[in-house]
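Asker: A single structure is presented below for examination.
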Amino acid sequence: MFALLTAVVAVVALADKPAETKPKIEFRLAETRAADDLEEAKVGDTKEKVYLHKTAVLTNEDIVSAELKGDGDTGGYTVQFVFTREGGKKMAKATADAKDKALAVLVDGKVIAAPIIRAEISDKAMITGKFPKEDLEKIVAAAKKK
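Rendered as C-alpha cells:
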C-alpha cells in the first residue's frame, strides 16, 4: 500500500511541476532612433538602447544550427547560424535593404545582442564583435533544437 501511495504522490507531483520550456529566440530588425511604432529595449547589460520592430524576422523554428566559435585573430567569439530554407528566404527579404541597421537577437524577450547588418543575409549568418561570451552562449543555447 505504501509503495502505491508513493507512486501516486510522485505522479501528482510531476503533473503539478511546469514543463521546462525551451528558451525562445527571435531576430528582429532594430533602429537607433525612437519612432511611434517601435519598442524601446536595452541591449544586454549595457546602457545601449535599440528600438525594435514589432514583428520577428526569424524564430527558433527557422534555425537549423548555431555554434559558438573562438576567433583566434581577435581573441573574441563568434556565433555561426544556419537557417532553414524558409528562414533564409525570410532573412534575405528582411535584410536586403537593411545594410548598416541593427538586427536584434532576443532570448526570452530580452535583447542579448544587436549587431549591425553588413550585407544581405540569407541561409547563413555570423555574429561577430565584442560581445560577452556568456551572452553568446545564451543565444546558442536558445537556438539549439533540443
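Numbering (the working numbering), first residue to last: 1060 to 1205.
Note that the Cβ used here is the ideal one computed from N, Cα and C, for glycine as well.
Is it buried or exposed for G1147, if we count other Cβ within 10 angstroms and need 16 for buried?
Answerer: So G1147 counts as buried.
Asker: Just the Cα atoms here: how many angstroms apart are L1088 and A1161?
Answerer: Going from the Cα of L1088 to the Cα of A1161 covers about 6 Å.
Asker: Identify the residues that DSSP records as bridge partners of R1087: which are they?
Answerer: Paired residues: A1163.
Asker: Report yes or no: do three or more beta-carbon pairs, one from the segment 1187-1200 and one from the segment 1106-1122, lie closer than 8 Å?
Answerer: Too few Cβ pairs lie closer than 8 Å, so no.
Asker: What are the boundary residues of the beta strand (DSSP E) that includes V1141?
Answerer: 1136-1142 is the span of the beta strand (DSSP E), which, as asked, contains V1141.
Asker: Would A1036 pass as a contact of I1176 if the rule is Cβ separation under 7 Å?
Answerer: Nothing about residue 1036 can be reported from this structure: the residues present for the chain run from 1060 to 1205 only.
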